[in-house]
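Residue numbers (the working numbering), protein chains in the order written: chain A, 1071 to 1153; chain B, 1071 to 1153; chain C, 178 to 342; chain D, 178 to 342.
Here a beta-carbon is modelled for each residue, glycine too, at the ideal position from N, C-alpha and C.
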Amino acid sequence: MKLRYFAWVRERIGLAEEDVSPPNDVATIGELVVWLTKRGEGYAYAFENPKVIRAAIDKNHVRAEARIAGAGEIAFFPPMTGG
Amino acid sequence: MKLRYFAWVRERIGLAEEDVSPPNDVATIGELVVWLTKRGEGYAYAFENPKVIRAAIDKNHVRAEARIAGAGEIAFFPPMTGG
Amino acid sequence: MTTTIKLQREAFDVGGEIELLSKGRTDIGAVVTFTGICRGDENARPIAALTLEYYPGMAEAEIARHVEEAQARWPLLGVTVIHRYGRLAPGELIVLVVTASSHREAAFAAAEFLMDYLKSRAPFWKQVETADGKTVSKSWVEAKSTDDAAAERWAAPLPHREAAK
Amino acid sequence: MTTTIKLQREAFDVGGEIELLSKGRTDIGAVVTFTGICRGDENARPIAALTLEYYPGMAEAEIARHVEEAQARWPLLGVTVIHRYGRLAPGELIVLVVTASSHREAAFAAAEFLMDYLKSRAPFWKQVETADGKTVSKSWVEAKSTDDAAAERWAAPLPHREAAK
């Protein structure tokens, strides 16, 4: 599945997007964050406070409990500051 | 004192402004309306429903109880419909 | 605070007025405009035109007083109020309120406050011209109780919008 | 309903957008605009520029969804939302919301609703550049809890609202 990162999540991880294949027991957004955190220092830094991280599946806002099965594109980003 | 009339008050009276000298016992806006009503049919028509008539003394909104002593210009008009 | 109040027969340019108020300034973060336009109907009947009458001198003074009140209530950086009078055809702009502030809450609240005021308390009167075939008839627009109610919601000692935040 | 949603690098013209939405129409009685401008300071510190990042595809879709929600809530005749991205200097316009209706209440409410939404829910992120002497430093703007609260005041249940919001 494709992951996309924005703003300081992108900067801390050092990537704007990547393709990953998490194991089958990674079923929710929250579990995906835990799995990503183990991928390296940048990930650990980006997700150090998981509560502030927002996520979207296929361009729809979702919560940490959302299941990722069937997702085409998952995005992680900080709280939004548009307008 | 100078009186000014606007919108349908003006149309019913048939004047945009006039100078009047009411007797001394006409002390308030409400009493002035009663006095004006006796001046003719147009006035009676304009003030037939005194509750809807608004008044201003020297360009400030006032109520029927307001005293008219010392007033330079008194205006009567319908409820406002600007904007 | 930049304040502009104009009563005029002529049309006005919304974009130009925004620019006059905000160009070259870096303290303004939010500009709200309200533009009132002459509609082609009144109470579901088509109209030919609207004629606006006002009380010269009083209208300017009353608007200025309410702009001052808006300034006292919200941290404004600029206010423009333009109200036209005379005969206006459907589609023509009638009134413009522009409010500027560092943040949006003040700009929105002040614009609504000024419009609620203009609708029900400023000395303007609208006359409607309807044309049924060849007969032109004129009638004065009746004040709406909803406009009075809208104006009265600001009568509380604190603006309710700020209290809600 | 005329709906225009644009995400762009280029500047926009507020007066021109109002005209695009309302010109030649006689059903529109009220147009409200909100313009967000890049201020010269952030948290009382002078800034050199603002850089706006967004999530292409999601931003457009999310704005479109919220414009539809505004339409469902208020009798709107037109909505325009333009949001810029990229690097913007103080004084430059960032965002424009234009709402049109037959009466002012709907136009004001919808413009506030859309701005509250854009501030806290649309996938945009602002980075601030400060220049102290020769050192340029960049930092991401932190989300404001007041913006969340402003967005939440619209959360009253409506039949079509998704539980996720």
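Is any beta-carbon of chain A found at less than 8 Å from that of residue i?
i: residue 337 of chain D; result: Confidence at residue 337 of chain D is low in this model, with a pLDDT of 42, below 50, so the placement of that residue should be treated as unreliable; the coordinate-derived value is given next. No, residue 337 of chain D lies away from the interface with chain A (no Cβ there is under 8 Å from its Cβ).
i: residue 258 of chain D; result: no
i: residue 230 of chain D; result: yes
i: residue 288 of chain D; result: no
i: residue 341 of chain D; result: With a pLDDT of only 37 at residue 341 of chain D, under the threshold of 50, the placement of this residue in the model should not be trusted; the figure read from the coordinates follows. So, interface residue.
Residue i lies in the alpha helix (DSSP H); which residues open and close that run?
i: residue 191 of chain C; result: 191–199
i: residue 239 of chain D; result: 235–250
Determine the chain D residues that contact residue i at a beta-carbon separation under 9 Å, and present them in chain order.
i: residue 201 of chain C; result: 268
i: residue 195 of chain C; result: 191, 192, 210 and 212
Strictly below 7 Å CB to CB, what residues from chain B border residue i?
i: residue 219 of chain C; result: Under the 7 Å cutoff, chain B gives no residues; its nearest Cβ is about 11 Å from residue 219 of chain C.
i: residue 277 of chain C; result: Going along chain B, no residue has its Cβ under 7 Å from residue 277 of chain C, so there is no contact; the nearest lies around 20 Å.
What would DSSP say about residue i, mapped onto helix, strand or coil?
i: residue 1128 of chain A; result: coil
i: residue 203 of chain C; result: coil
i: residue 326 of chain C; result: helix
i: residue 318 of chain D; result: coil
i: residue 1112 of chain A; result: helix
Residue i touches chain C at which residues, Cβ-Cβ below 9 Å?
i: residue 1117 of chain B; result: What residue 1117 of chain B touches in chain C: nothing, since even the nearest Cβ is about 16 Å away.
i: residue 189 of chain D; result: Chain C residues near residue 189 of chain D: none, gap ~10 Å exceeds 9 Å.
Counting only beta-carbon separations shorter than 8 Å, does residue i have a partner in chain C?
i: residue 1136 of chain B; result: no
i: residue 1126 of chain B; result: yes
i: residue 210 of chain D; result: yes
i: residue 222 of chain D; result: no
Note down, in chain order, every chain D residue with its Cβ under 7 Å from the Cβ of residue i.
i: residue 292 of chain C; result: 281
i: residue 1129 of chain A; result: 234, 235 and 238
Within the 8 Å Cβ cut-off, does residue i reach chain D?
i: residue 1139 of chain A; result: no
i: residue 261 of chain C; result: no
i: residue 214 of chain C; result: yes
i: residue 205 of chain C; result: yes
Could you spell out where the beta strand (DSSP E) holding residue i opens and where it closes?
i: residue 230 of chain C; result: 226–231
i: residue 1145 of chain B; result: 1143–1147
i: residue 255 of chain C; result: 253–261
i: residue 182 of chain C; result: 179–185
Under 8 Å Cβ-Cβ, which residues of chain A neighbour residue i?
i: residue 314 of chain D; result: Ordered by position in chain A, no residue passes the 8 Å Cβ test against residue 314 of chain D, which lies about 14 Å from the chain.
For residue i, which residues in chain C fall below 7 Å Cβ to Cβ?
i: residue 1078 of chain B; result: 317
Output, in chain order, the set of chain B residues within a Cβ distance shorter than 8 Å of residue i.
i: residue 247 of chain C; result: In chain order: nothing, as chain B lies at least about 15 Å away.
i: residue 320 of chain C; result: 1148, 1149, 1150 and 1151
Could you tell me which chain A residues have their CB closer than 9 Å to the CB of residue i, listed as they occur along the chain?
i: residue 296 of chain D; result: 1150, 1151, 1152 and 1153
i: residue 272 of chain D; result: 1152 and 1153
For a contact defined as C-beta to C-beta under 8 Å, what are the partners of residue i on chain D?
i: residue 1147 of chain A; result: 232, 300 and 302
Is the beta carbon of residue i within less than 7 Å of some heavy atom of the ligand ZN?
i: residue 1135 of chain B; result: The ligand ZN is not part of this structure, which contains no ligands at all.
I want to verify the contact list: residues of chain C whose CB lies under 8 Å from the CB of residue i, in sequence order.
i: residue 307 of chain D; result: Going along chain C, no residue has its Cβ under 8 Å from residue 307 of chain D, so there is no contact; the nearest lies around 14 Å.
* To do: Identify every run of the beta strand (DSSP E) within the stretch 1074–1109 of chain B, keeping only runs that are complete inside it and at least 3 residues long; order them along the chain.
  => 1087–1089
* beta strand (DSSP E) segments (min. 3 residues) lying fully within the stretch 266–313 of chain C -> 270–278 and 301–309
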